[in-house]
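Visitor:
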Amino acid sequence: MYLDQPLEAYPKGEIFLGDSNEGFIVKSGVPPGMKELESGYSFTLVTPERTWLFAASSTDDRQSWMKALESVINQTSSAPNDAMQETVRNDLRHSYARKSRDSKILNQMRKLTGNILNKQ
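The sequence shown lines up with residues 1 to 120 when you count with the UniProt record's numbering.
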């Protein structure tokens, strides 16, 4: 999961990891054509849905992150668990989408209430 702000109540989204056979890859640096986004310790996570760009605070930090991601990606998945994993992923996606939507609605209501009170 990732957040807009460190203390957010609900995550902005999540990154689901699969195995390398499904197209998940971790690379040092950024993809060609995105060099303007590169920082000193950038790395890229490629998933079937999206390419994620990250920046670490040091070479050791980047290596640690990449090693952790690669350890998950390089695990071989077992076929019977794939259906269950996809079900869990879908359940989490729907749960976080619902929470995110509820949070947005609550924020809009707060803004409207604030605007009404300010006009009085």
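Backbone N, C-alpha and C fix where the C-beta goes; we use that ideal spot for every residue, glycine too.
#1: State the Cα-Cα distance for the pair asparagine 74 and aspartate 19, rounded to the nearest angstrom.
#2: What does the alpha-carbon distance come out to for the pair leucine 92 and leucine 17?
#3: With DSSP run on the structure shown, which of helix, strand or coil describes alanine 9?
#4: Within 7 Å: the Cβ of threonine 51 and any heavy atom of the ligand PLP?
#5: From threonine 59 to phenylalanine 43, what distance separates their C-alpha atoms?
#6: What would DSSP say about threonine 17, mapped onto helix, strand or coil?
#7: Can you give, in chain order, each stretch of the alpha helix (DSSP H) that sits fully within the region 52-78 and has at least 4 residues?
#8: Quick check: what's the CA-CA separation for proline 6 versus lysine 12?
Guide: Per the coordinate set shown:
#1: Across the structure, asparagine 74 and aspartate 19 are spaced so that their CA atoms are roughly 6 Å apart.
#2: Cα to Cα, leucine 92 sits roughly 13 Å from leucine 17.
#3: DSSP places alanine 9 in coil when its eight states are reduced to three.
#4: The ligand content of the structure shown is nil, which means the ligand PLP is not present either.
#5: If you take the alpha carbons of threonine 59 and phenylalanine 43, they lie about 10 Å apart.
#6: Threonine is not the amino acid found at residue 17; the sequence shown has leucine there. Coil at leucine 17, not helix or strand.
#7: Here the runs fully enclosed are 59-73.
#8: Taken atom to atom, the span from the alpha-carbon of proline 6 to that of lysine 12 is near 11 Å.
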